[in-house]
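Number of protein chains: 2
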Amino acid sequence: MSALRTLYERADVVPLLAEIFRELGFEGATLSRITERTGIGKGSLYHFFPGGKEEMAAAVLAEVDTWFEQFVYEPLRRDDPAEAIAAMWKNADAYFRSGGRICLVGAFALDETRERFATTINDYFQRWIDALAGALVRSGRPASEARAAAENAVLGIQGALVLSRALDDKALFKRALDQMAKRLITS
Amino acid sequence: MSALRTLYERADVVPLLAEIFRELGFEGATLSRITERTGIGKGSLYHFFPGGKEEMAAAVLAEVDTWFEQFVYEPLRRDDPAEAIAAMWKNADAYFRSGGRICLVGAFALDETRERFATTINDYFQRWIDALAGALVRSGRPASEARAAAENAVLGIQGALVLSRALDDKALFKRALDQMAKRLITS
DNA sequence: CTAGTTGTGTACTGATAGGTACAATGCGTT
DNA sequence: AACGCATTGTACCTATCAGTACACAACTAG
Numbered sequence: 001m002s003a004l005r006t007l008y009e010r011a012d013v014v015p016l017l018a019e020i021f022r023e024l025g026f027e028g029a030t031l032s033r034i035t036e037r038t039g040i041g042k043g044s045l046y047h048f049f050p051g052g053k054e055e056m057a058a059a060v061l062a063e064v065d066t067w068f069e070q071f072v073y074e075p076l077r078r079d080d081p082a083e084a085i086a087a088m089w090k091n092a093d094a095y096f097r098s099g100g101r102i103c104l105v106g107a108f109a110l111d112e113t114r115e116r117f118a119t120t121i122n123d124y125f126q127r128w129i130d131a132l133a134g135a136l137v138r139s140g141r142p143a144s145e146a147r148a149a150a151e152n153a154v155l156g157i158q159g160a161l162v163l164s165r166a167l168d169d170k171a172l173f174k175r176a177l178d179q180m181a182k183r184l185i186t187s
Numbered sequence: 001m002s003a004l005r006t007l008y009e010r011a012d013v014v015p016l017l018a019e020i021f022r023e024l025g026f027e028g029a030t031l032s033r034i035t036e037r038t039g040i041g042k043g044s045l046y047h048f049f050p051g052g053k054e055e056m057a058a059a060v061l062a063e064v065d066t067w068f069e070q071f072v073y074e075p076l077r078r079d080d081p082a083e084a085i086a087a088m089w090k091n092a093d094a095y096f097r098s099g100g101r102i103c104l105v106g107a108f109a110l111d112e113t114r115e116r117f118a119t120t121i122n123d124y125f126q127r128w129i130d131a132l133a134g135a136l137v138r139s140g141r142p143a144s145e146a147r148a149a150a151e152n153a154v155l156g157i158q159g160a161l162v163l164s165r166a167l168d169d170k171a172l173f174k175r176a177l178d179q180m181a182k183r184l185i186t187s
């Protein structure tokens with residue numbers, strides 16, 4: 001008699017929410033659009049995230065952070081610097097789908113959503129820059145240059161995401177990343 | 001008997017709207033927040049912009065476009081390339097208040113707001129890149145490199161805005177712009 | 001000092017926002 | 001099969017959303 005219904009758990013929901021926040025932004029991601037796009041009802045959403053939309057976004061940011069910590073920052077600190085840096089560019093291209101997917105943390109930084117998640121946003125970029133600068137130093141780069149070079153690489157990825165989306169041109173994203181990768185190790 | 005009230009005209013309103021859209025994004029800029037922050041009532045807003053919020057945002061984008069056309073793109077096409085490029089960096093720093101103000105066009109590009117203003121957004125960046133690449137060629141740079149170098153500069157400004165806001169660090173913005181300015185003319 | 005035009009405040013609309021309450025459903029255990 | 005708990009759909013709440021209507025105020029021209 002009853003229609004089939006899918007049973008989720010929290011871990012399944014977070015990646016779905018991530019895509020929605022990415023596409024619509026925090027303010028644009030309304031509860032009704034979330035239920036509409038995911039097929040998950042309010043009942044489930046508030047069961048998993050009693051804190052509502054803010055807790056949903058926080059959970060998404062936490063998962064993004066975990067991913068980068070595991071696949072980017074930690075390798076930069078631990079592994080052979082040249083290899084880890086090469087992996088960083090490869091992972092960034094894959095994660096952001098060659099510009100087809102934006103950086104949620106960067107997007108949140110631009111509008112007033114920043115106030116809600118200021119420390120999370122700050123940490124995400126700070127740890128990225130620190131890890132990359134450390135790897136550059138270990139690879140023999142003078143510490144005086146390393147920080148600026150690291151900032152430049154991280155900022156370049158964010159800019160490439162903005163520009164490739166603005167021009168709707170994924171090729172630009174790949175081209176920009178290649179160029180930045182070369183510049184990071186040579187100059 | 002009557003309290004004093006300010007009389008506006010459309011041209012006065014657009015810059016006020018611009019700041020609000022910058023700070024709150026398109027979705028976050030609700031009519032009530034607009035009236036609250038500007039002191040301009042709905043009556044006036046719908047008098048100037050019968051098309052509502054969308055027309056307000058379009059007017060803001062048009063004004064931004066006009067500003068860049070006049071003070072950045074046109075000089076890049078017309079004036080001595082080295083001087084125009086130097087002026088571009090100076091104007092970008094001033095316009096974006098050393099990272100204290102974001103690029104509305106870039107911000108709109110990131111979320112679904114892009115769909116509403118796709119061609120405007122595309123044009124803004126396309127004309128910037130074209131004008132800069134042209135200036136680079138006129139300054140003696142091989143055409144094969146000029147386009148990529150121009151893309152890199154424009155993308156770098158967008159990235160610097162994201163990162164300086166994320167880290168709440170205006171010094172980073174200035175530092176990044178200085179470095180990019182040097183790299184653009186030397187490499 | 002009127003007449004017409006350009007602005008403005010206030011009060012309203014229907015739709016949708018985020019959030020709550022809760023009964024019913026499905027699943028793992030025994 | 002019956003218990004208990006995690007999960008879910010539905011109905012509902014109040015606040016706020018974008019937008020409309022319109023009478024009124026201010027400036028501008030004659």
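Those protein sequence lines, which keep their order, are chains A and B.
Okay, so the first sequence: first residue is 1 according to UniProt numbering, each after it adds one.
Okay, so the second sequence: first residue is 1 according to UniProt numbering, each after it adds one.
Think of the CB as a built atom: it goes at the ideal place given N, C-alpha and C, for glycine as much as any other residue.
Item: Would you kindly report the start and end of the unbroken alpha helix (DSSP H) that includes tyrosine 46 (chain A)?; Value: 42-48
Item: Please report the residue range of the alpha helix (DSSP H) in which phenylalanine 117 (chain A) lies.; Value: No alpha helix (DSSP H) contains phenylalanine 117 (chain A), which DSSP labels as neither H nor E.
Item: Excluding the five sequence neighbours on either side, which residues of its own chain have a C-beta within less than 6 Å of the C-beta of phenylalanine 71 (chain A), listed in chain order?; Value: Asn91
Item: Below 8 Å on the Cβ atoms is my guess for phenylalanine 173 (chain B) versus alanine 153 (chain B); work out the distance and round it to an integer in Å.; Value: About 14 Å; that fails the 8 Å criterion.
Item: I'd like the span of the alpha helix (DSSP H) that includes glutamate 69 (chain A), first residue to last.; Value: Premise fails: glutamate 69 (chain A) is in no alpha helix (DSSP H) and is neither H nor E.
Item: Please tell me whether phenylalanine 108 (chain B) and phenylalanine 26 (chain B) are closer than 8 Å, where the distance is taken between their beta carbons.; Value: yes
Item: Once DSSP output is grouped into helix, strand and coil, what is the label at glycine 52 (chain A)?; Value: coil
Item: Near isoleucine 121 (chain A), what residues of its chain come up, given a Cβ to Cβ distance below 7 Å and the 5 sequence neighbours on each side ignored?; Value: Val105, Phe108, Ala109, Arg114
Item: Quick check on the DSSP output: the alpha helix (DSSP H) that includes tyrosine 8 (chain B) runs from which residue to which?; Value: Unbroken run through tyrosine 8 (chain B): none, as it is neither H nor E.
Item: Give the C-beta separation of isoleucine 20 (chain B) and alanine 29 (chain B) to the nearest angstrom, bearing in mind that I take them to be a contact with Cβ-Cβ under 8 Å.; Value: 5 Å
Item: Is the Cβ of leucine 155 (chain B) closer than 8 Å to any Cβ of chain A?; Value: yes
Item: Would you mind telling me which residues of chain A sit closer than 8 Å to aspartate 168 (chain B), beta carbon to beta carbon, in chain order?; Value: Ala118, Asn122
Item: Which residues in chain B sit within 7 Å of isoleucine 102 (chain A), going by Cβ to Cβ distance?; Value: Leu110
Item: Could you name the residues of chain B that asparagine 152 (chain A) contacts, counting a contact when the two beta carbons are closer than 7 Å?; Value: Ala176, Gln179
Item: Determine whether the Cβ of valine 162 (chain A) lies closer than 8 Å to any Cβ atom of chain B.; Value: yes
Item: If you pair each beta-carbon of the stretch 4-19 of chain A with each one of the stretch 43-58 of chain A, do three or more pairs fall below 8 Å?; Value: yes
Item: Taking the alpha-carbon positions, what's the glutamine 126 (chain A) to leucine 167 (chain B) distance?; Value: 7 Å
Item: When the cut-off is 8 Å and only beta carbons count, does residue 228 (chain A) lie next to chain B?; Value: Outside the modelled stretch of chain A, which goes from 1 to 187, sits residue 228 (chain A), for which no answer is possible.
Item: Relative to the alpha-carbon of glutamate 55 (chain A), which residue among A:Val13, A:Glu23, A:Glu69 has its alpha-carbon at the smallest distance?; Value: A:Val13
Item: Around the Cβ of alanine 146 (chain B), are there at least 16 other Cβ atoms within 10 angstroms (buried) or fewer (exposed)?; Value: buried
Item: When we look at the beta-carbon of leucine 136 (chain B) and count the other beta-carbons within 10 Å, is it buried (16 or more) or exposed?; Value: buried
Item: For glutamine 179 (chain B) and serine 144 (chain A), I'd like the C-alpha separation in whole angstroms.; Value: 14 Å
Item: Select from B:Ala176, B:Leu184, B:Thr66 the residue whose C-alpha is nearest the C-alpha of alanine 149 (chain A).; Value: B:Ala176
Item: How big is the Cα-Cα spacing for threonine 35 (chain A) and leucine 61 (chain A)?; Value: 20 Å
Item: Measure the beta-carbon distance from isoleucine 185 (chain B) to glutamate 151 (chain B) and round it to whole angstroms, keeping in mind my assumption that it falls under 8 Å.; Value: In fact, because the Cβ distance is near 16 Å, the residues do not count as touching under 8 Å.
Item: Helix, strand or coil for aspartate 169 (chain B) per DSSP?; Value: coil
Item: Using a Cβ-Cβ cut-off of less than 9 Å, give me the residues of the stretch 123-134 of chain B that come near chain A, in sequence order.; Value: Tyr124, Phe125, Gln126, Ile129
Item: Alanine 148 (chain A) touches chain B at which residues, Cβ-Cβ below 9 Å?; Value: Arg175, Ala176, Gln179
Item: Could you tell me the distance, in whole angstroms, from the CA atom of tryptophan 67 (chain A) to the CA atom of proline 75 (chain A)?; Value: 12 Å
Item: State buried or exposed for proline 142 (chain A), treating a residue as buried only when at least 16 other CB atoms are found within 10 Å of its CB.; Value: exposed
Item: Going by the CB atoms, is the gap between tryptophan 89 (chain A) and alanine 181 (chain A) shorter than 8 Å?; Value: yes
Item: Can you tell me whether DSSP reads alanine 62 (chain B) as helix, strand or coil?; Value: helix
Item: Could you tell me whether the Cβ of glutamate 115 (chain A) comes closer than 8 Å to any Cβ of chain B?; Value: no
Item: I want to see whether chain A comes within less than 8 Å of leucine 76 (chain B), judged by CB atoms only; does it?; Value: no
Item: My output table needs one value for isoleucine 129 (chain B): the three-state DSSP class, helix, strand or coil.; Value: helix
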